[in-house]
Amino acid sequence: MSSWLERWDAVLAGHFPGRDQEFELALTVIQRLVGRPKKLVDLACGPGSLALRAARRFPEAEILGVDLDPVLLEIARGAAGSERVRFVDGDLLDPGWSRPLGEVDVICATAALHYLDPAELPRLAGILADGVRVDGVVLISDTFRIGVPRLDSMVGDLRRRALSAHETAAHEGETWSSWWSAVAAEPAFADLLRLRDQRLGSGYEGLTATLDEAVETLRQAGFAEVAPIRQDVGNFLLVAIR
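Heads up, the sequence shown is in my numbering, so the first residue is 8 and it goes up one at a time.
Have a look at this one:
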């Protein structure tokens, strides 16, 4: 399964050229603010890209990856290779994901919030606040609207152009669509793909939340300090200290 994860990471690095640097920054933030965490949750973990990096950076940590996508979870489990790194079925809007670990030091959520209706943000923020210990840290890497119409329009156009350029440049390699086509052609994934379609459907396709909405919602949920520490066009890395 590690080859599927490597191919996924290569595709995503093409979509988001700063992805590896952002992961490294996130792990450095964790180390600076928490030290060496004992327990870390990666929400909407996908095939384990961040969770497995965290496992290498923090070899003593117990790590739980949570996702609804059965295909990506299967890849993550196959790539884990360690009993202290587990991947489980779960919805980030269900508070049950934190129960197996007890007191959690760090929660990460990468490219997850933009799938949610902004009206669900307060509920998620409350779950995050309840799920992480006092002085623990939540890191959110995602796309947010700026909240200014012309700038949001410009940012959306820039992101579409970057994606189109990547798809064109990758014609000899692998793209997002060709990776999923390869997965669909693999008989071992057939049942999981059917389950994936049942669970995820087309997903939420409305407007994402603004950055200000996300920051204020986290503050109202009880986080003492919340701020973006990195921005790449419309993608932000938010850090919230409980």
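We treat Cβ as the ideally placed atom computed from N, Cα and C, and that holds for glycine.
(request) Examine the Cβ distances between the stretch 93-113 and the stretch 191-198 and report whether three or more of them are shorter than 8 Å. (result) no
(request) Drop a sphere of 10 angstroms on the beta-carbon of glutamate 90, count the other beta-carbons inside from all chains shown, and report buried for 16 or more, exposed for fewer. (result) Your numbering for residue 90 matches position 83 in the sequence shown. By the neighbour-count rule (16 or more Cβ atoms within 10 Å), glutamate 90 is not buried but exposed.
(message) Do serine 148 and alanine 169 have their beta-carbon atoms positioned less than 8 Å apart in this structure?
(response) Reading the sequence shown from its first residue, position 162 is the one you call residue 169. Reading the sequence shown from its first residue, position 141 is the one you call residue 148. It is not a contact, given that the beta carbons lie outside the stated cut-off.
(message) My output table needs one value for arginine 43: the three-state DSSP class, helix, strand or coil.
(response) For this step, residue 43 is matched to residue 36 along the sequence shown. Residue state, collapsed to three classes: coil.
(request) Return the first residue and the last residue of the beta strand (DSSP E) that proline 77 is part of. (result) In the sequence shown, counting from the first residue as 1, residue 77 sits at position 70. Here proline 77 belongs to no beta strand (DSSP E); instead the alpha helix (DSSP H) covers 77-87.
(message) Which of the three DSSP states is assigned to arginine 26 in this structure?
(response) Against the sequence shown, residue 26 aligns to sequence position 19. In the three-state scheme derived from DSSP, where H, G and I count as helix and E and B as strand, arginine 26 is classed as helix.
(message) Just to confirm, is the Cβ distance from valine 73 to tryptophan 183 under 8 Å?
(response) Residue mapping note: residue 73 aligns to position 66 of the sequence shown, counting from 1. Residue mapping note: residue 183 aligns to position 176 of the sequence shown, counting from 1. It is not a contact, given that the beta carbons lie outside the stated cut-off.
(message) Between which two residues does the alpha helix (DSSP H) holding serine 105 run?
(response) The residue labelled residue 105 in the question sits at position 98 within the sequence shown. Serine 105 -> no alpha helix (DSSP H), and no H or E assigned at all.
(message) Tell me which residue opens and which closes the alpha helix (DSSP H) that glycine 241 is part of.
(response) In the sequence shown, the residue the question calls residue 241 occupies position 234. Glycine 241 -> no alpha helix (DSSP H), and no H or E assigned at all.
(message) For leucine 165 and tyrosine 122, I'd like the C-alpha separation in whole angstroms.
(response) For the purposes of this step, residue 165 is taken as the residue at position 158 of the sequence shown. For the purposes of this step, residue 122 is taken as the residue at position 115 of the sequence shown. Cα to Cα, the separation comes out at about 20 Å.
(request) In the DSSP assignment, find the alpha helix (DSSP H) that holds glutamate 223 and state where it starts and stops. (result) Within the sequence shown, residue 223 is the residue found at index 216, counting from 1. Its alpha helix (DSSP H) spans residues 218-227.
(request) Can you grab the Cα-Cα spacing for the pair arginine 249 / valine 145, in whole Å? (result) As a working note, residue 249 is residue 242 in the sequence shown. As a working note, residue 145 is residue 138 in the sequence shown. Taking the straight line joining both Cα atoms gives about 8 Å.
(message) Taking the beta carbon of glycine 154 as the centre, do at least 16 other beta carbons fall within 10 Å, making it buried, or is it exposed?
(response) Taking the sequence shown and counting its residues from 1, the one referred to as residue 154 is at position 147. By the Cβ-count criterion, glycine 154 is exposed, with fewer than 16 other Cβ atoms from all chains shown falling within 10 Å of its own Cβ.
(request) State buried or exposed for proline 54, treating a residue as buried only when at least 16 other CB atoms are found within 10 Å of its CB. (result) By one-based count along the sequence shown, residue 54 stands at place 47. Buried.
(message) Taking a contact to mean a Cβ-Cβ separation below 8 Å, would you say aspartate 76 touches arginine 203 in this structure?
(response) To locate residue 76, count along the sequence shown from 1; it is residue 69. To locate residue 203, count along the sequence shown from 1; it is residue 196. Contact: yes.
(message) As a quick exercise: from Trp15, Gly180, Gly241 and Ala247, pick the residue whose alpha carbon is nearest that of valine 162.
(response) Here residue 162 refers to the residue found at position 155 when the sequence shown is read from its first residue. Closest by alpha carbon: Gly241.
(request) Give me the Cβ distance between arginine 60 and leucine 100, rounded to the nearest whole Å; I'm assuming they're in contact under 8 Å. (result) Your numbering for residue 60 matches position 53 in the sequence shown. Your numbering for residue 100 matches position 93 in the sequence shown. In this structure arginine 60 is not in contact with leucine 100, their Cβ atoms being roughly 25 Å apart against a cut-off of 8 Å.
(request) Specify the secondary structure class of arginine 157 as computed by DSSP and reduced to three states. (result) Locating residue 157 in the sequence shown gives position 150, counting from the first residue. Correct three-state label for arginine 157: helix.
(message) Need the endpoints of the beta strand (DSSP E) that leucine 71 sits in, please.
(response) Taking the first residue of the sequence shown as position 1, residue 71 is located at position 64. Run containing leucine 71: 69-74, per the beta strand (DSSP E) assignment.
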